[in-house]
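What follows is a single structure, written as structure tokens, with notes after it.
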């Protein structure tokens, strides 16, 4: 069947360290799309020279974070020694596994200057058997990410495979993340019978036949649905999804796991200082002490 809509997710406005964000996932009626369990749309926002982004050190377990910018620069530092300034078109893929902490801040060279931030950050749940893997971090440069330019659009294959082009990003379960920018009216077609996928509209309009969708809506398709979407000239959207897990994952604060006990332990270890720390960072965000779930 074509364009079978499962649910439309209502995004919510939030604030992160003085930066406006749009929280898309998780949602009360839809916790995950395939393995994707969290999505923040950051900005777009313009900062004056007196403002700087400061997200102090905080921990993660049981997930991979995926950061993808359209504008601006963010300095990533983590507990395994990574220190990278991510710029538009690059992919930061950080796998927490059994435990990692990181900070995200305005790069030192940008402090005291006007700046812009616009991008997406996802959390991707790890399969149960990989939840306790060793943490890792990889930055992929823009030129490494396959780009398909034809029929009035540019499609970046950020994760997964599309039209014979395969991303170098190493994911730990089958998934897809395409960044789609239409320079003309564009017809997008996609089929993956085993995947649950969703469109997220950053800007513009997508027509799925029975309904048109606009900014900041996430349209989740039924698993196995054949997609034929008409994307309006000037529109910008992403397609994300993949194979769903056989059972739901728990998500609490910055932790994702199949086990509440693991999250309790991680919370206690972080607050007591027995969790991996980011070298050189003296301030950190403490975990809530209320009951987990």
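In this note's numbering, the protein residues as written are 58 to 350.
Built from N, CA and C at the ideal position, the CB exists for glycine as well.
- With a cutoff of 8 Å on beta-carbon distance, residue 155 and residue 185 are scored as not near each other.
- Comparing alpha carbon positions, the residue from 74, 347, 224 and 129 closest to residue 170 is 129.
- Burial state of residue 134 is buried, judged by a 10 Å Cβ sphere holding 16 or more other Cβ atoms.
- Residue 150: member of the beta strand (DSSP E) spanning 148–152, first to last residue.
- For a cut-off of 8 Å, the C-beta gap from residue 306 to residue 313 is around 5 Å, short enough to register as a contact.
- Secondary structure at residue 84: strand, using DSSP grouped into helix, strand and coil.
- Looking from the CA of residue 252, the closest CA among 108, 300 and 78 belongs to 300.
- Within the stretch 111–143, the complete beta strand (DSSP E) runs of at least 3 residues fall at 111–117, 120–128, 131–135 and 140–143.
- In this structure the stretch 265–274 does not lie against the stretch 331–338, because fewer than three pairs of beta carbons, one per stretch, are closer than 8 Å.
- Uninterrupted beta strand (DSSP E) stretches at least 3 residues long and entirely within the stretch 233–303 occur at 243–247, 253–260, 274–278, 284–288 and 293–299, given in chain order.
- Annotated three-state conformation of residue 322 is helix, per DSSP.
- In this structure, residue 121 sits near residue 181, with a CB-CB distance shorter than 8 Å.
- Its Cα nearest to that of residue 234, the residue 202 stands out among 202, 243, 242 and 263.
- Beta-bridge pairing by DSSP links residue 222 to 219.
- Residue pairing for residue 205: DSSP places it in a beta bridge opposite 212.
- With respect to residue 100, residue 220 sits apart: the two C-beta atoms are not nearer than 8 Å.
- Judged by their CB atoms, residue 241 and residue 209 are nearer to each other than the 8 Å cut-off.
- Close CB contacts of residue 218 within its chain, under the 8 Å cut and outside five residues either way in sequence, are with 224 and 233 (chain order).
- Residue 255 places its beta carbon less than 8 Å from that of residue 277.
- When the five nearest sequence neighbours on each side are left out, the beta carbons in the same chain lying within less than 6 Å of the beta carbon of residue 69 are those of 80, in order along the chain.
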